[in-house]
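Inspection log for the structure reproduced underneath, given as structure tokens.
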Amino acid sequence: METGIRDIVLKWTAVVVAATWIIGCGGSATKPSPPPPAFPKAPAKKPSVTSPKKATQRPYKVGRNWYQPIPHAHGFTQKGIASWYGKKFHGRKTSNGEIYNMYAVTAAHKTLPMDTWVRVKNLDNNRSIDVRINDRGPFVRGRIIDLSYSAAKRIDMVGAGTARVEIFALGAAASGEPSSKRPPAFVPVDYNKGNFTFQVGAFKERKNAERLRQALDRRYKNAHISEYDSPDGLFFRVRVGRITDLAQAEAYEQILIEDGFNQAFIVAE
């Protein structure tokens with residue numbers, strides 16, 4: 001890893017904008033009324049699940065913020081707050097094109113590859129559930145995973161709405177297995193090696209990207225521009241550095257986060 005890269009990328013930061021979902025309910029005070037249904041009963045015929053699309057690793061934008069899915073999930077662990085989503089999104093499309101089913105054991109994560117299976121452990125009661133990532137989110141500060149209603153119920157966090165959890169990546173569904181079913185075995189893949197770099201800026205005007213690239217190129221190796229044609233138009237992404245070990249790349253990324261600059265991120269090229 002090139003020394004001194006941190007001093008350059010620290011200037012390129014952004015504030016993560018979060019959004020919250022609020023669910024309210026009420027009742028009549030003038031006469032007794034039947035208890036409100038907490039959640040709808042499972043339909044006789046659950047929504048069908050469309051054939052899942054190949055997991056995309058393209059960066060995506062929510063609000064003013066860009067997110068870069070990580071290239072691999074091997075060895076991934078994370079602690080934080082889990083939330084859940086249910087009937088409001090039941091029957092809608094997920095980020096990978098499936099139909100969200102609140103009674104399935106699935107989850108949303110901002111950066112894990114689609115169809116990754118993860119174990120979610122509720123740190124308050126030690127209950128755990130294995131879920132498959134098929135959606136993106138939650139885009140709320142401090143939350144790391146959004147569970148389906150069924151998954152949240154199994155680790156007893158529906159009532160509270162959120163819970164302190166730890167998640168462990170297990171692997172990807174074995175080839176030929178239906179992606180909506182937990183496979184009996186996971187595919188062992190070595191995700192630790194590759195060509196990893198850091199993205200430090202993205203611009204709509206090439207001249208701005210070139211100005212940064214030239215500044216980086218005077219001091220560091222592998223300063224380059226990568227074009228990305230997004231739905232919002234063409235972006236010129238400025239990247240720097242070259243690391244072949246994922247653990248080293250993650251360690252350096254953590255240094256940036258601890259220093260308060262979390263917009264530089266790992267990219268697999």
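Following my numbering, the residues of the sequence shown are numbered contiguously, the last one being 269. Heads up, the beta-carbon is just placed ideally off N, CA and C, and yes, glycines get one too.
(message) Which complete beta strand (DSSP E) runs does the segment 118 to 153 hold, if anything under 3 residues is left out?
(response) The segment 118 to 153 is shown to contain whole beta strand (DSSP E) runs of 3 or more residues at 128 to 135, 143 to 148, in chain order.
(message) Is Ile129 close to the ligand GTP? I mean its beta-carbon at under 7 Å from any heavy atom of the ligand.
(response) As far as ligands go, the structure on display features none, and thus does not contain the ligand GTP.
(message) Could you check whether the segment 140 to 160 touches the segment 88 to 106, counting it as contact only if at least three pairs of C-beta atoms, one from each stretch, sit closer than 8 Å?
(response) The segment 140 to 160 vs the segment 88 to 106: in contact.
(request) Return the Cβ separation of Ile81 and Arg164 in integer angstroms, given the expectation that the two are a contact with Cβ distance under 8 Å. (result) Numbered from 1 along the sequence shown, position 81 holds the residue referred to as residue 81. Numbered from 1 along the sequence shown, position 164 holds the residue referred to as residue 164. Contact flag correct, Cβ pair sits at about 6 Å.
(message) Out of Thr244, Arg92, Val118, Thr77, which one is the CA nearest neighbour of Gly171?
(response) Taking the first residue of the sequence shown as position 1, residue 171 is located at position 171. If we check each option's Cα against that of Gly171, Val118 comes out closest.
(request) Kindly list the residues whose CB is nearer than 6 Å to the CB of Ala73, restricted to its own chain and excluding five residues on each side of it in sequence; keep chain order. (result) Locating residue 73 in the sequence shown gives position 73, where the first residue counts as 1. Result list for Ala73: Leu112, Pro113, Thr116, Ala169, in chain order.
(request) Would you grab the beta carbon distance between Asp232 and Lys61 for me? Rounded to a whole angstrom, and I think it's under 8 Å. (result) On the sequence shown, residue 232 is found 232 positions in, with the first residue counted as 1. On the sequence shown, residue 61 is found 61 positions in, with the first residue counted as 1. 6 Å between Cβ atoms; contact.
(request) Taking all protein chains shown into account, decide if Gly63 is buried (16 or more other Cβ within 10 angstroms of its Cβ) or exposed. (result) As a working mapping, residue 63 is identified with position 63 in the sequence shown. Exposed, because fewer than 16 other Cβ atoms sit within 10 Å of the Cβ of Gly63.
(request) Using only alpha-carbon positions, find the residue among Thr106, Arg206, Leu246 that is nearest to Arg237. (result) For the purposes of this step, residue 237 is identified with residue 237 of the sequence shown, where counting begins at 1. Minimum Cα distance to Arg237 is reached at Arg206.
(message) I need the straight-line Cα distance from Ile144 to Gly194, nearest angstrom please.
(response) Reading the sequence shown from its first residue, position 144 is the one you call residue 144. Reading the sequence shown from its first residue, position 194 is the one you call residue 194. Distance between the alpha carbons of Ile144 and Gly194: 25 Å.
(message) Quick check on Val267: buried or exposed, where buried means 16 or more other Cβ atoms within 10 Å of its Cβ?
(response) For the purposes of this step, residue 267 is identified with residue 267 of the sequence shown, where counting begins at 1. Result: buried.
(message) Please report the distance separating the alpha-carbon of Gly86 from that of Ala152.
(response) For this step, residue 86 is matched to residue 86 along the sequence shown. For this step, residue 152 is matched to residue 152 along the sequence shown. If you take the alpha carbons of Gly86 and Ala152, they lie about 10 Å apart.
(message) By the three-class DSSP mapping on this structure, what secondary structure does Thr112 have?
(response) In the sequence shown, the residue the question calls residue 112 occupies position 112. Checking the sequence, you will find Leu at residue 112 rather than Thr. Here Leu112 sits in coil by DSSP.
(request) Could you tell me how far apart the beta carbons of Asn134 and Met157 are, in whole angstroms, since I believe they sit closer than 8 Å? (result) If you number the sequence shown from 1, residue 134 lands on position 134. If you number the sequence shown from 1, residue 157 lands on position 157. Contact doesn't hold; Cβ gap of about 19 Å is too wide.
(request) Flag this pair as yes or no: are the beta carbons of Thr244 and Phe196 separated by less than 8 Å? (result) For the purposes of this step, residue 244 is taken as residue 244 along the sequence shown, with counting starting at 1. For the purposes of this step, residue 196 is taken as residue 196 along the sequence shown, with counting starting at 1. The Cβ atoms of Thr244 and Phe196 sit closer than 8 Å to each other.
(message) Determine, for Tyr149, whether the minimum Cβ-Cβ distance to residues of chain C falls below 8 Å.
(response) Protein chain content of the structure displayed is limited to a single chain, and chain C is not contained in it.
(message) Quick check on DSSP: helix, strand or coil for Lys93?
(response) Position 93 of the sequence shown, counting from 1, holds the residue named residue 93. Looking at Lys93 - three-state DSSP - the assignment turns out to be strand.
(message) So, with DSSP's three-state summary, where would you put Gln214?
(response) Taking the first residue of the sequence shown as position 1, residue 214 is located at position 214. When secondary structure is reduced to three states using DSSP, Gln214 falls in the helix class.
(message) Relative to the C-alpha of Ala251, which candidate in Phe265, Arg211, Asp124 has its C-alpha closest?
(response) The sequence position of residue 251 within the sequence shown is 251, counting from 1. Minimum Cα distance to Ala251 is reached at Phe265.
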